[in-house]
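Engineer:
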Amino acid sequence: MESISTFYSSSTEVRYAPPWQDLSIIGIAGSSGSGKSSVAMEIVKSLDLPWVVILVMDSFYKTLTSEQHHKAHANEYDFDCPESIDFDVLVETLRDLKKGKKADIPIYSFTEHQRQPDTTTLYSPRVIILEGILALHDPRIVEMLDVKIFVEADMDVCLGRRILRDVRERGRDIEGIIKQWFEFVKPSYTHFVEPQRAISDIIIPRGIENTTAIGMQSPEHAGFEHRNLIYLDMVVKHIQRKLQEKSDNHTEALRNLGLIAAEVELPSNVHVLPSTPQFIGMNTILQTPETEQEDYIFYFDRLVSILIEKALDMTSYVAANVETPQGNTYLGLHPRGIVSAVAILRGGSCMETALKRSIPDCITGRVLIQTNESNDEPELHYLKLPPKIEEHATVILMDSQMSSGGAALMAVRVLIDHGVEQGRIVFVTCAAGERGLKRLTAVYPRINVIVGRIEEEGEPRWIEKRYFGC
Amino acid sequence: MATKETGPSPAQGVGPLYRPDGEKPTATVSKEVSYDNVHVLPQTPQLIALLTMIRDKRTSRADFIFYSNRIIRLLVEEGLNHLPVVEQSITTPVGRSYLGVKFEGKICGVSIMRAGEAMEQGLRDCCRSVRIGKILIQRDEETCMPKLFYDKLPTDIANRWVLLLDPMFATGGSATLAVETLIERGVPEERILFLNLIASPSGVAEFAERFPKLRVVTSFIDQGLDEKKYIIPGLGDFGDRYYSM
């Protein structure tokens, strides 16, 4: 790890905040079996956005000691009191996500009563629905919540639901469930769950019975459930408003970065390929609309091969003495560490053929960033990075074309959030606008950028369409 | 053993300009020569690492082929830059005008058998349908001088630019004979580009003086020749390592 990172994060650094920073969190508390998850699902459905994640507090149960383990199997362990939940880890996780960082969510096994060695990675959601009987219990969490919901239900209904769920999904027997209910669940409700009611923003009086409450309201409950519908609608509207605000801020911040960047010179870590006759000739063929598809692909691959070879100059090497077949020695270099690549989809995937010419078995990740046509805001839709990417000596980030630099800014941020040091990232693109390049390097002054050709500002993306033919 | 003409090769820190010298690993780089018609590829850490791979006797044949092809592509790309172009203005797919260039002049490859044939794939990677002629030159058992045994060249070679291919440029005996053959067929000296991976300083010097208008493109000028006229440190017999070892 480099120690200079703190030096660079001085106040002069231009910052980029991705739209998933400062995410919205909705907390849903309520008795076991009250229908919290139905409410959560209903909110997810109404928001209808790809970045909404339900985080179930059960994942944060503490691993039991062997003594507790025995108790648990005898249904004598209290899973409903706050002590059974690892609030510290949960708070840390939520704080990381608030900062826009990636978080590892523990996986808890209900049959073994312990955390599994694996974790689930959660990254870049914009809305989290935290659901658990004690979701509003810890003040550190309450402070982070945008909306606090308490779901109330008749205790008999709760018990019924709990029996069904625990038998079906968690492999328990009915006797044990009932024992646990009267010994722990009910007392805990009075002590810890019910008091959360007072601090909640919205109380949903009896959960949501499947979709009936929302869609097909029975006449005798119409008023009752209609109110729930309005509550949920309020929640959804509130979150939507917040998201819109953030999206506007993000677009605005990108615009401002462009203004700052316009005043500076193209920095030395931006390497524009020299205008050799062959290079210009290839660029001419590639920009001629009449060029046949077959020729286009051939010259594109050839041109990108040159960019990739140039990018490999940026990776690390160590001195190495080798012996030739005649027994002479030569003091040369060996590459140090793994060079991997990440393609920004779809444009970056045009460049993989050329990449594989230089590194046939290159480890490759992908990230799909699409620009929202209504407001020009880049959006992260999909992410699959190679394991241990933070240990790779160099990560080549590829995009066929870069205009405003919004997608590149976001992709670099994604890599950094996954532990890749700035200095190890080499962004490679066939054509880029000067403003976008300045914007990118103003925010990330230590990445290297390889550019085939400087193009005019605001050039629409067309290279990938030409390469793939659609 | 080195003969007298061979001084030590320069060693220096190699790496991108922006990197401070202390962070650049030291490696032996190409010797410099002062002939305008000799072009040595930029000594980037990447190129040095590729050369290190093909010099290493432990490198497997598959890797040898792969890494030499990568260097050959860099040589071909550099070589092609010496071909003429004419300005051409076009309208791009998004309706902008771009002042570009168009490739002028027909080209062909000529490989000196058999090691030179190993460079054909790299040439084809950059120029798909290029014509390729062949020349076989062997050492005459009696005179010990190189002798032309066979050639098959495009009939219109006199109208073409010729990329002459031979990976190891030691004494330049075969290359000289090959160039003489090409000139005999009517190819002007200035339209010949000789591409090779590793050259000896003496070979390059004699050649540059004998054919002042011909251009040599190489990736590395090595330390010198041993008493068997092998390049040192070199990489062994290129043909053997590429085809059979």
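So the sequences go chain by chain: C and W.
FYI, the numbering for the first sequence is 1 to 470, going by UniProt numbering.
FYI, the numbering for the second sequence is 1 to 245, going by UniProt numbering.
The beta-carbon is built from N, C-alpha and C at its ideal position, and this holds for glycine as well.
All of these numbers come straight from a predicted model, not from anything done at the bench.
In the segment 407-427 of chain C, which residues sit with their C-beta less than 7 Å from some C-beta in chain W, listed in chain order?
Structural biologist: For the segment 407-427 of chain C, which is checked against every Cβ of chain W, not one residue is closer than 7 Å.
Engineer: Would a C-beta distance cut-off of 8 Å place Y230 (chain W) and R114 (chain W) closer than the cut-off?
Structural biologist: Translated into the one-based positions of the second sequence, residue 230 (chain W) becomes position 230. Translated into the one-based positions of the second sequence, residue 114 (chain W) becomes position 114. Contact: no.
Engineer: Quick check: is the beta carbon of P325 (chain C) nearer than 8 Å to any beta carbon in chain W?
Structural biologist: As a first step, residue 325 (chain C) must be located in the first sequence, where it is residue number 325. So, interface residue.
Engineer: Could you tell me the distance, in whole angstroms, from the CA atom of residue 540 (chain C) to the CA atom of L165 (chain W)?
Structural biologist: Residue numbering for chain C in the displayed model covers 1 to 470; residue 540 (chain C) lies beyond these limits and cannot be assessed.
Engineer: With G79 (chain W) as the anchor, note down where its alpha helix (DSSP H) starts and where it stops.
Structural biologist: Along the second sequence, one-based indexing puts residue 79 (chain W) at 79. Segment 61-80, the alpha helix (DSSP H) holding G79 (chain W).
Engineer: If you compare alpha carbons, which of C:K101, C:L164, C:L303 is closest to T353 (chain C)?
Structural biologist: As a position in the first sequence, residue 353 (chain C) is number 353, starting the count at 1. Comparing Cα positions, the closest option is C:L303.
Engineer: Name the DSSP bridge partner or partners of I396 (chain C)?
Structural biologist: Along the first sequence, read from residue 1 onward, the residue named residue 396 (chain C) stands at position 396. Paired residues: C:A341, C:V426.
Engineer: Would you report the Cα separation of Q68 (chain C) and V157 (chain C), rounded to the nearest angstrom?
Structural biologist: If you number the first sequence from 1, residue 68 (chain C) lands on position 68. If you number the first sequence from 1, residue 157 (chain C) lands on position 157. Going from the Cα of Q68 (chain C) to the Cα of V157 (chain C) covers about 29 Å.
Engineer: Contact defined as beta carbons within less than 8 Å: I believe residue 527 (chain C) pairs with F427 (chain C). What is the distance between those atoms, to the nearest angstrom?
Structural biologist: Given that chain C is displayed from residue 1 to residue 470, the structure contains no residue 527 (chain C) and the question cannot be resolved.
Engineer: Quick one: measure Cβ to Cβ for I112 (chain W) and I135 (chain W), integer angstroms, because I've assumed they're closer than 8 Å.
Structural biologist: The sequence position of residue 112 (chain W) within the second sequence is 112, counting from 1. The sequence position of residue 135 (chain W) within the second sequence is 135, counting from 1. That belief holds up - the Cβ atoms of I112 (chain W) and I135 (chain W) are roughly 5 Å apart, short of 8 Å.
Engineer: Would you identify the three-state DSSP class for A103 (chain C), choosing helix, strand or coil?
Structural biologist: Along the first sequence, read from residue 1 onward, the residue named residue 103 (chain C) stands at position 103. If DSSP states are grouped into helix, strand and coil, A103 (chain C) belongs with the strands.
Engineer: In angstroms, rounded to a whole number, what distance separates the CA positions of V147 (chain C) and Y98 (chain W)?
Structural biologist: Along the first sequence, read from residue 1 onward, the residue named residue 147 (chain C) stands at position 147. Along the second sequence, read from residue 1 onward, the residue named residue 98 (chain W) stands at position 98. Going by the C-alpha atoms only, they are around 55 Å apart.
Engineer: Quick one: which chain C residues come within Cβ less than 9 Å of D36 (chain W)?
Structural biologist: If you number the second sequence from 1, residue 36 (chain W) lands on position 36. Result: empty, since nearest Cβ-Cβ is about 18 Å, beyond 9 Å.
Engineer: Count the other CB atoms within 10 Å of the CB of Q116 (chain C); is the residue buried (16 or more) or exposed (fewer)?
Structural biologist: For the purposes of this step, residue 116 (chain C) is taken as the residue at position 116 of the first sequence. It counts as exposed.
Engineer: Give a yes or no on whether the minimum CB-CB distance between T28 (chain W) and chain C is below 8 Å.
Structural biologist: Counting from one through the second sequence, the residue named residue 28 (chain W) turns up at place 28. So, interface residue.
Engineer: Below 8 Å, how does it come out for the segment 93-103 of chain C and the segment 15-26 of chain C: are there three or more Cβ pairs, yes or no?
Structural biologist: Judged by Cβ distances under 8 Å, the segment 93-103 of chain C makes contact with the segment 15-26 of chain C, as three or more pairs qualify.
Engineer: Report the partner residues of V91 (chain C) according to the DSSP bridge assignment.
Structural biologist: Within the first sequence, numbered from 1, the residue matching residue 91 (chain C) stands at position 91. None; V91 (chain C) has no bridge partner.
Engineer: Suppose you measure from the CA of H238 (chain C) to the CA of I25 (chain C); what does that come to, to the nearest Å?
Structural biologist: By one-based count along the first sequence, residue 238 (chain C) stands at place 238. By one-based count along the first sequence, residue 25 (chain C) stands at place 25. Going by the C-alpha atoms only, they are around 12 Å apart.
Engineer: State the CB to CB distance for the pair Y123 (chain C) and D417 (chain C), rounded to an integer number of angstroms; the pair is presumed to be in contact (CB under 8 Å).
Structural biologist: In the first sequence, counting from the first residue as 1, residue 123 (chain C) sits at position 123. In the first sequence, counting from the first residue as 1, residue 417 (chain C) sits at position 417. Right, their Cβ atoms sit about 7 Å apart.
Engineer: E169 (chain C) to F110 (chain C), Cα distance in whole Å?
Structural biologist: Along the first sequence, read from residue 1 onward, the residue named residue 169 (chain C) stands at position 169. Along the first sequence, read from residue 1 onward, the residue named residue 110 (chain C) stands at position 110. Computed Cα separation, rounded: 9 Å.
Engineer: Evaluate contact between the segment 203-222 of chain W and the segment 152-161 of chain W, counting only Cβ atoms and requiring at least three cross-stretch pairs below 8 Å.
Structural biologist: These segments do not touch.
Engineer: According to DSSP, is I151 (chain W) part of a helix, a strand, or is it coil?
Structural biologist: Here residue 151 (chain W) corresponds to residue number 151 of the second sequence, with the count starting at 1. Note that residue 151 (chain W) is Asp in the sequence shown here, rather than Ile. Looking at D151 (chain W) - three-state DSSP - the assignment turns out to be strand.
Engineer: Under 8 Å, Cβ to Cβ, is there at least one residue of chain W near V322 (chain C)?
Structural biologist: Taking the first sequence and counting its residues from 1, the one referred to as residue 322 (chain C) is at position 322. Yes, V322 (chain C) counts as interfacial toward chain W.
Engineer: Assess contact between the segment 175-192 of chain C and the segment 45-59 of chain C, defined as three or more Cβ pairs (one per stretch) separated by less than 8 Å. Is contact present?
Structural biologist: Touching, no, given that fewer than three Cβ pairs across the two stretches are closer than 8 Å.
Engineer: Quick one: list the residues of chain W neighbouring R302 (chain C), beta-carbon separation under 7 Å, in chain order.
Structural biologist: Position 302 of the first sequence, counting from 1, holds the residue named residue 302 (chain C). Here the neighbours are C126.
Engineer: Using the Cβ count rule (16 or more neighbours within 10 Å means buried), how would you classify L164 (chain C)?
Structural biologist: Translated into positions along the first sequence, residue 164 (chain C) becomes position 164. Counting Cβ neighbours within 10 Å, L164 (chain C) comes out exposed, since fewer than 16 surround it.
Engineer: Output needed in chain order: residues of the segment 95-108 of chain W with a Cβ under 7 Å from some Cβ in chain C.
Structural biologist: Flagged, chain order: R96, Y98, G100, V101, K102, F103.
Engineer: Is T441 (chain C) helix, strand or coil when you go by DSSP?
Structural biologist: As a working mapping, residue 441 (chain C) is identified with position 441 in the first sequence. Helix.
Engineer: Tell me the DSSP bridge mates of I203 (chain C)?
Structural biologist: The residue given as residue 203 (chain C) occupies position 203 in the first sequence. Paired residue(s): C:F150.
Engineer: Pull the bridge partners of P335 (chain C) from the DSSP assignment, please.
Structural biologist: In the first sequence, the residue the question calls residue 335 (chain C) occupies position 335. P335 (chain C) pairs with C:Y317.
Engineer: Are K36 (chain C) and V151 (chain C) touching if we call contact CB-CB under 8 Å?
Structural biologist: Against the first sequence, residue 36 (chain C) aligns to sequence position 36. Against the first sequence, residue 151 (chain C) aligns to sequence position 151. Cβ atoms of K36 (chain C) and V151 (chain C): closer than 8 Å.
Engineer: Please report the Cβ distance between T394 (chain C) and R424 (chain C), rounded to the nearest whole angstrom; I am assuming they are in contact, meaning their Cβ atoms lie under 8 Å.
Structural biologist: In the first sequence, counting from the first residue as 1, residue 394 (chain C) sits at position 394. In the first sequence, counting from the first residue as 1, residue 424 (chain C) sits at position 424. T394 (chain C) to R424 (chain C), Cβ: 5 Å. Contact.
Engineer: Between the beta-carbon of V443 (chain C) and the beta-carbon of L257 (chain C), is there less than 8 Å?
Structural biologist: Reading the first sequence from its first residue, position 443 is the one you call residue 443 (chain C). Reading the first sequence from its first residue, position 257 is the one you call residue 257 (chain C). Yes, the pair counts as a contact, with Cβ atoms nearer than the cut-off.
Engineer: Indicate whether the contact test is met: 3 or more Cβ pairs, each with one atom in the segment 332-341 of chain C and one in the segment 361-370 of chain C, closer than 8 Å.
Structural biologist: Segments in contact, yes.
Engineer: Among W:L80, W:Q46, W:I221, which residue has its Cα nearest to the Cα of R124 (chain W)?
Structural biologist: The sequence position of residue 124 (chain W) within the second sequence is 124, counting from 1. Comparing Cα positions, the closest option is W:L80.
Engineer: For a test of the three-state rule: what should DSSP assign to A408 (chain C), helix, strand or coil?
Structural biologist: Reading the first sequence from its first residue, position 408 is the one you call residue 408 (chain C). In the structure shown, A408 (chain C) sits in a helix (DSSP, three-state: H, G or I).
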